[in-house]
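Mapping of the sequence shown onto the UniProt record's numbering: position 126 corresponds to residue 126, and the numbering continues sequentially without gaps.
Note that beta-carbon positions come from the ideal geometry of N, C-alpha and C, so glycine has one too.
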Amino acid sequence: MIAEDWITSKCAQERNIMIRRAQSARIIITCAYCIMGVAILLFVLILPGFGISVRLTTNFTNSGKKLPLQTYHICDTTKSPQYELTYITQAIYVFFAIISYTGIDNFLGLVIFHICGQLDILKNRLARLNKNMNMNFHKALKNCVEQHIRLLRFFDF
Numbered sequence: 001m002i003a004e005d006w007i008t009s010k011c012a013q014e015r016n017i018m019i020r021r022a023q024s025a026r027i028i029i030t031c032a033y034c035i036m037g038v039a040i041l042l043f044v045l046i047l048p049g050f051g052i053s054v055r056l057t058t059n060f061t062n063s064g065k066k067l068p069l070q071t072y073h074i075c076d077t078t079k080s081p082q083y084e085l086t087y088i089t090q091a092i093y094v095f096f097a098i099i100s101y102t103g104i105d106n107f108l109g110l111v112i113f114h115i116c117g118q119l120d121i122l123k124n125r126l127a128r129l130n131k132n133m134n135m136n137f138h139k140a141l142k143n144c145v146e147q148h149i150r151l152l153r154f155f156d157f
């Protein structure tokens, strides 16, 4: 639906509305990814580097070396190559987990901004409807109703 709306924009005013909404969504999405990047740097690299752990450390069998996530290990992670490999694996896991959570939220935010833009376009078409009384009023009204039904169906995904 989103690609179809970009292809079938009717006039420059409608396209400007869509561009304005898309730019707002892009700014919010960029900020969200920046916040997630800072969170990855802080909780995976910086805090463990200073010996601060954000995980629950009630298990007294934990070694002095801190890992980003509290997990059960099948091997001894206190030795040098196993610790680094486990740390890198957990850091990669945290990165992909954050990207997947943030990606879904950002996609739904983009859909909301797109629907808001389409509702603005529909509002403008309805406002211009009385100006075009002599130019096939029924056809223009029918198009507005079809667009509204299409947007309502898209809400129910």
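Distance CB(residue i)-CB(residue j) smaller than 8 Å
| i | j | result |
| --- | --- | --- |
| Thr78 | Lys66 | no |
| Phe113 | Arg21 | yes |
| Gly117 | Met18 | yes |
| Gln13 | Asn124 | yes |
| Ile98 | Ala39 | yes |
| Leu129 | Ala140 | yes |
| Gln70 | Asp76 | no |
Identity of the residue in the options nearest residue i by Cα
| i | options | result |
| --- | --- | --- |
| Leu119 | His148, Lys10 and Val38 | His148 |
| Met36 | Lys142, Phe95, Ala127 and Asn136 | Phe95 |
| Val111 | Phe155, Ile52, Thr8 and Ala39 | Phe155 |
| Arg153 | Glu84, Ile115 and Ile40 | Ile115 |
Outcome for residue i when other beta-carbon atoms lying within 10 angstroms are tallied against a minimum of 16
| i | result |
| --- | --- |
| Tyr101 | exposed |
| Pro68 | buried |
| Asp5 | buried |
| Pro48 | buried |
| Phe50 | exposed |
| Val44 | buried |
| Tyr87 | buried |
| Ile74 | exposed |
Counting beta carbon pairs with one atom in the segment 25 to 42 and one in the segment 100 to 118, are three or more of them shorter than 8 Å? yes
At 4 residues or longer, what runs of the alpha helix (DSSP H) sit wholly inside the segment 68 to 144? 80 to 129
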